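Just so you know, we're using our numbering here: the sequence shown kicks off at 71 and counts up by one. From the three backbone atoms N, C-alpha and C, an ideal C-beta is built for every residue, glycine too. Quick caveat, the model's predicted, so the values are computed rather than measured. Take a look at the structure below.
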Amino acid sequence: MNWVAMFPGQGSQQAGMGEELLDLYPELLIEEFEETLGWSLKETILQSDQSEITKTNIAQPYIFAISYCYGLEAFKKLGLPKVGIGHSLGEYTALALAEFISYGDALKIISVRGDSMQKAVENSNSTMAAVLTSDLKQTIDAVETLNNQGISINISNFNDGSQIVIGGLKNDIDYLKSNPIDLGAKRVIPLDVAGAFHSKFVSPAKQEVQNIVDKVEFSEGKFDVYMNVDANIADLATIKKRLVDQIDNSVLFYDQILNIENIVNPEKWYHIGPGNVTAGMVKKSISSKGIEIINSLDSLNII
Numbered sequence: 071m072n073w074v075a076m077f078p079g080q081g082s083q084q085a086g087m088g089e090e091l092l093d094l095y096p097e098l099l100i101e102e103f104e105e106t107l108g109w110s111l112k113e114t115i116l117q118s119d120q121s122e123i124t125k126t127n128i129a130q131p132y133i134f135a136i137s138y139c140y141g142l143e144a145f146k147k148l149g150l151p152k153v154g155i156g157h158s159l160g161e162y163t164a165l166a167l168a169e170f171i172s173y174g175d176a177l178k179i180i181s182v183r184g185d186s187m188q189k190a191v192e193n194s195n196s197t198m199a200a201v202l203t204s205d206l207k208q209t210i211d212a213v214e215t216l217n218n219q220g221i222s223i224n225i226s227n228f229n230d231g232s233q234i235v236i237g238g239l240k241n242d243i244d245y246l247k248s249n250p251i252d253l254g255a256k257r258v259i260p261l262d263v264a265g266a267f268h269s270k271f272v273s274p275a276k277q278e279v280q281n282i283v284d285k286v287e288f289s290e291g292k293f294d295v296y297m298n299v300d301a302n303i304a305d306l307a308t309i310k311k312r313l314v315d316q317i318d319n320s321v322l323f324y325d326q327i328l329n330i331e332n333i334v335n336p337e338k339w340y341h342i343g344p345g346n347v348t349a350g351m352v353k354k355s356i357s358s359k360g361i362e363i364i365n366s367l368d369s370l371n372i373i
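What follows is the structure, given as structure tokens:
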């Protein structure tokens, strides 16, 4: 079957997620995870509350590991996808399952990535907000106009044809929450995040990520992965640079969806991992397509 595997990013985590996978993948979720990162994912799954797993340095490797194992289960049933994509952190899940990079090496990069991004925004007084709009071009143009007027924001995520995520100083985001019309938007919804990721505020994290990425060996993948920074297919010549650039560049998820639809024309799109957010983005972008959600073993069994 010609299908797309999609993997979520930070924000999809839920306390206790993936407990059902511990007995299926102890070597990945218990042994290799703890050996690589030095802390117990099993304890986190069984004992941590929502506030603990919202921390960037916990959430990112946790989401990756669980999504990876659900991906393995999905591939057993469906075969390999034609294409993989991931939203921000989820890009690493797609690349690891395609075998561009090993599970263990992906964990190492993700750990450094999460720590360095967290450090970069700690004292930045920055945040993010979802922007709901009925005219995407008008809103994109409004961001440029506002920057020229001294309101410093950027587009962190292009999620679908009616939603972007902006990052900027908290005061500017608060102003736009009260004045969405300045963005040509219906609503501006502040997000509960540590800072403005995929923006200039996390640029200091790039060097640490570059250092760890340079130490990792990448291989040709078993299926294509479309990447966040340019919505084009990953290749060995540029993959490291594109992963580093992803830190402070926009996530072009909407463009990825449209490119895959136009070039690959898949029969099905599968969200694989916690939550269902990427399925919603596809539904809003190309609603006529078959969209499925795999976020538990039960959900896989009914497909």
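Given a threshold of 16 other Cβ atoms within 10 Å of its Cβ, counted over all protein chains shown, does residue i qualify as buried or as exposed?
i	result
Lys276	buried
Ser248	exposed
Asp368	exposed
Gly220	exposed
Met76	buried
Gly108	exposed
Asp211	exposed
Asp93	exposed
Leu116	exposed
Gln233	buried
Pro78	buried
Met87	buried
Asn335	exposed
Met71	exposed
Asp230	buried
Thr215	exposed
Ser181	buried
Ser60	As displayed, the chain neither begins before 71 nor continues past 373, which places residue 60 out of reach and without an answer.
Asn218	exposed
Ser204	exposed
Ile179	buried
Using the C-alpha atoms, what's the distance from residue j back to residue i?
i	j	result
Met297	Ala166	13 Å
Asp300	Leu322	7 Å
Ala192	Phe271	Checking the sequence, you will find Glu at residue 192 rather than Ala. If you take the alpha carbons of Glu192 and Phe271, they lie about 10 Å apart.
Ile317	Glu161	12 Å
Leu142	Ser366	12 Å
Ile243	Pro274	22 Å
Lys112	Cys139	14 Å
Gly343	Glu105	23 Å
Ile309	Gly360	30 Å
Leu239	Ala264	12 Å
Asn302	Val295	8 Å
Leu246	Glu287	43 Å
Gln83	Tyr132	8 Å
Leu99	Ile123	16 Å
Pro96	Ile282	26 Å
Ile225	Leu206	12 Å
Gly81	Asn346	11 Å
Asp252	Val213	9 Å
Gln188	Arg312	20 Å
Ser172	Ser222	38 Å
Leu91	Ser137	10 Å
Lys285	Arg183	14 Å
Ser194	Ser320	18 Å
Contact check, residue i vs residue j under 8 Å by CB: the rounded distance?
i	j	result
Ala144	Leu370	6 Å
Ile363	Ala349	5 Å
Gly156	Thr163	5 Å
Ser196	Ala266	4 Å
Thr209	Gly237	In fact, because the Cβ distance is near 14 Å, the residues do not count as touching under 8 Å.
Leu177	Phe228	Their Cβ separation, rounded to whole angstroms, is 28 Å, which puts Leu177 and Phe228 out of contact at 8 Å.
Ser158	His268	7 Å
Trp73	Lys338	4 Å
Val279	Val314	5 Å
What first and last residue would you give for the beta strand (DSSP E) that runs through residue i?
i	result
Thr14	The structure shown has nothing for residue 14, since the chain only spans 71 to 373.
Glu362	Gly360 to Ile364
Val258	Arg257 to Pro260
Val153	Val153 to Gly156
Ile342	Lys338 to Ile342
Ala164	Where Ala164 is concerned, there is no enclosing beta strand (DSSP E), although the alpha helix (DSSP H) it sits in stretches over Gly160 to Leu167.
Asp230	Ile223 to Asp230
Ala455	Outside the shown range of the chain (71 to 373) lies residue 455, about which nothing can therefore be said.
Leu328	Counting along the chain, Leu328 falls outside any beta strand (DSSP E), though it belongs to the alpha helix (DSSP H) covering Phe323 to Ile333.
Which stretch, first to last residue, makes up the alpha helix (DSSP H) that contains residue i?
i	result
Ala275	Ala275 -> no alpha helix (DSSP H), and no H or E assigned at all.
Gly184	Tyr173 to Val191
Val347	Val347 to Ser355
Phe77	Counting along the chain, Phe77 falls outside any alpha helix (DSSP H), though it belongs to the beta strand (DSSP E) covering Trp73 to Phe77.
Gly237	Note, Gly237: premise wrong, no alpha helix (DSSP H); beta strand (DSSP E) at Gln233 to Leu239.
Val314	Ile309 to Asp315
Thr124	Element bounds for Thr124: n/a, residue is neither H nor E.
Quick check: does the Cβ of residue i come within less than 7 Å of any heavy atom belonging to the ligand ADP?
i	result
Gly174	Only the bare structure without any ligand can be found here, which leaves the ligand ADP out of the picture.
Can we say the stretch 137 to 153 touches the stretch 163 to 183, given the rule of at least three CB pairs closer than 8 Å? Flag = yes, the stretch 137 to 153 and the stretch 163 to 183 touch.
Are at least three pairs of beta-carbons, each pair with one atom in the stretch 251 to 259 and one in the stretch 199 to 213, less than 8 Å apart? Contact between the stretch 251 to 259 and the stretch 199 to 213 is present, because at least three Cβ pairs lie under 8 Å.
Under 8 Å: do the stretch 321 to 336 and the stretch 350 to 357 share three or more Cβ pairs, one atom per stretch? Flag = yes, the stretch 321 to 336 and the stretch 350 to 357 touch.
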